[in-house]
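Protein sequences, first through last, are from chains A and B.
If you're matching positions, the first sequence starts at 1 in full-length UniProt numbering and goes up one per residue.
If you're matching positions, the second sequence starts at 1 in full-length UniProt numbering and goes up one per residue.
The beta carbon of each residue, even a glycine, is placed where N, CA and C say it ideally should be.
What you are looking at is a predicted structure, and each value in this text was computed from that prediction instead of being measured.
Worksheet for the structure shown next.
Protein chains: 2
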Amino acid sequence: MARQVAQRDDLLPVLAETFREHGYEGASLSLIATATGLGKGSLYHFFPGGKAEMVEAVLAEIEAWFEARVFAPLRQDDDPAAAIAQMFGTVTDYFRSGRRVCLVGALSLSDARDRFGQALRRYFALWVEALTEALTRVGHPPEGATALSEDIVGGIQGAVVLARALDRPETFERILVCLRERARAA
Amino acid sequence: MARQVAQRDDLLPVLAETFREHGYEGASLSLIATATGLGKGSLYHFFPGGKAEMVEAVLAEIEAWFEARVFAPLRQDDDPAAAIAQMFGTVTDYFRSGRRVCLVGALSLSDARDRFGQALRRYFALWVEALTEALTRVGHPPEGATALSEDIVGGIQGAVVLARALDRPETFERILVCLRERARAA
DNA sequence: GTCTATAGATCGATAGAC
DNA sequence: GTCTATCGATCTATAGAC
């Protein structure tokens, strides 16, 4: 077993999953060390700020991921209807039909919200704005597009909560089908 | 200041608020002791099972609270339309327009979900079933009533997430107005 | 860059005095 | 029924060897 020279960026997906599964307080450094296969010393080498810096890095990567695959297409794809359809597909996969928690949403409900407030607000603000843009381009009246966009982004978050509580991934998928329907032009 | 003889039930609202604000892991016994004004010894006198038993008790009280004020009226009030309207009003107050977290929803997104799974499932199942009943009685076709009910209950949870992340209580209220509109008979 | 060892604080939980 | 004192475990974070 050769000594691995870890890259900071390679740790981010593992860190993200650990925070998703255990939350900010629940994800202890020992747990993170086990999950990443690194010692605490190594973790502090990459993230001198400790857990807080890890979460910041994870949130930045999540935002970049959504920016590339969801937000940017919604904003400027030549075919806004296709971008919206792609969004629902991407999100269903990403959240594993509600089996996987949205880290941004979960942090928003925790007391970590105050610490990471700016990143959390940015993520949802970007999403709502990008979707509003696509809804407008697809023919929705500009007066109602922001409200509809908030309904949909909020609806997705609620679908995660409900599907996880009821332990019914089908519920997540059905709600998303319904939201997709509402996103169609009138 | 006379020595207070605490009643177990009197502690529940304080415990609920503490868990709402700090989550299951974040609400330490020291924090709970400070919030309730009791020592750890007293807390273990009332809740021999520690934090887990406190959360169970809080969840039971929350369910009873909603049963009396929301679920029962939805199920059997003579005026189902009024019960639905009352539900939206009660919920808006209860969640402080999204400033206050739904403890059941927050626990569903945390790793405490597995420990308290049954209580979390019960709460949302009762809500969805009761609202389905009211929607049917108000004239919605039975085939679509369950789906609409899930949309609404999930939508409320999502509204809490989004409003907290964006720090915009108005967003919570606007989403609830929209959901209330969809609950009207066709 | 990674590790072990460990500091210092805090955790959940218990014991015993009153 | 409430308190203080305290246990052992675990926590975040650091130090220093390699």
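Item, Value
"Look at the alpha carbon of ALA163 of chain B and the alpha carbon of GLY41 of chain A, and state the distance between them as a whole number of angstroms.", "38 Å"
"Closer than 6 Å by C-beta to residue 197 of chain B: which residues in its own chain qualify, once you throw out the five before and the five after it? Chain order, please.", "The requested residue 197 of chain B is not part of the displayed model; chain B covers only 1 to 186."
"Tell me which residues share the same chain as LEU15 of chain A and place their Cβ nearer than 6 Å to its Cβ, disregarding the 5 neighbours each side in the sequence.", "MET54 and VAL58"
"Evaluate ALA82 of chain A with the Cβ neighbour count: other Cβ atoms within 10 Å of its Cβ, from every protein chain shown; 16 or more gives buried, anything less gives exposed.", "exposed"
"Under the three-state reduction of DSSP, which class applies to ASP93 of chain B: helix, strand or coil?", "helix"
"Contact defined as beta carbons within less than 8 Å: I believe ILE156 of chain A pairs with GLY158 of chain B. What is the distance between those atoms, to the nearest angstrom?", "7 Å"
"So, with DSSP's three-state summary, where would you put ASP114 of chain A?", "coil"
"Should GLY98 of chain A go down as buried or exposed, given a rule of 16 or more other Cβ atoms within 10 Å for buried?", "buried"
"Report yes if the CB atom of ALA130 of chain A is closer than 7 Å to the CB atom of LEU74 of chain A, and no otherwise.", "yes"
"So, SER108 of chain A versus VAL161 of chain B, is the Cβ gap smaller than 7 Å?", "yes"
"Using the beta-carbon count (16 or more within 10 Å), is ALA2 of chain B buried or exposed?", "Legend: pLDDT at ALA2 of chain B = 40, less than 50; position of this residue unreliable, no value from coordinates given."
"Within the 7 Å Cβ cut-off, does SER110 of chain B reach chain A?", "yes"
"Would you please verify whether the beta carbon of THR132 of chain A is less than 7 Å from any beta carbon of chain B?", "no"
"Determine, using beta carbons only, whether PHE71 of chain A and ARG180 of chain A come nearer to each other than 7 Å.", "no"
"With the cut-off set at 7 Å, would you say ASP151 of chain B and CYS102 of chain A are in Cβ contact?", "no"
"Could you say which of B:LEU148, B:PHE66, B:ALA35 and B:ALA147 lies nearest to VAL91 of chain B if we only look at CA atoms?", "B:PHE66"
"Below 8 Å on the Cβ atoms is my contact criterion, and I expect GLY139 of chain B with ALA186 of chain B to pass it. Report the Cβ-Cβ distance as a whole number of Å.", "7 Å"
"Where does CYS102 of chain A sit, in a helix, a strand or coil, going by DSSP?", "coil"
"Closer than 7 Å, Cβ to Cβ, to anything on chain B: give me those residues from the UniProt domain \"HTH tetR-type\" (5-65) of chain A, in chain order.", "GLU21, HIS22, GLY23, GLU25 and GLY26"
"Is the beta carbon of ALA147 of chain A less than 7 Å from the beta carbon of THR136 of chain A?", "no"
"Closer than 7 Å, CB to CB, is THR136 of chain A near chain B or not?", "no"
"List the residues of chain A that GLN157 of chain B touches, going by C-beta distances under 7 Å, in chain order.", "GLY158, VAL161 and LEU162"
"From which residue to which residue does the alpha helix (DSSP H) around GLN7 of chain B run?", "That residue, GLN7 of chain B, is in no alpha helix (DSSP H); it is neither H nor E in DSSP."
"DSSP on ALA185 of chain B, reduced to helix/strand/coil?", "coil"
"Can you find the residues in the same chain that come closer than 6 Å, C-beta to C-beta, to GLU61 of chain B, ignoring five residues on each side of it along the sequence?", "LEU12"
"Below 8 Å on C-beta distance, what does ASP151 of chain B contact in chain A?", "GLY155, ILE175 and CYS178"
"Out of A:ARG8, A:ALA165, A:SER149 and A:GLY117, which has the shortest C-alpha to C-alpha gap to HIS45 of chain A?", "A:ARG8"
"Would you please state the rounded distance, in angstroms, between the beta carbons of ALA134 of chain A and PRO80 of chain A? I believe it to be under 8 Å.", "4 Å"
"Just the Cα atoms here: how many angstroms apart are LEU29 of chain A and GLY26 of chain B?", "15 Å"
"Under 7 Å Cβ-Cβ, which residues of chain B neighbour LEU166 of chain A?", "ARG121, PHE124 and ALA125"
"For THR18 of chain B, count neighbouring Cβ atoms within 10 angstroms of its own Cβ and tell me buried if that reaches 16, exposed if not.", "buried"
"Nearest to ALA35 of chain A by alpha carbon, out of A:PRO48, A:ARG20 and A:ALA68?", "A:ARG20"
"Have a look at ALA125 of chain B and LEU166 of chain A and give me their C-alpha separation to the nearest angstrom.", "7 Å"
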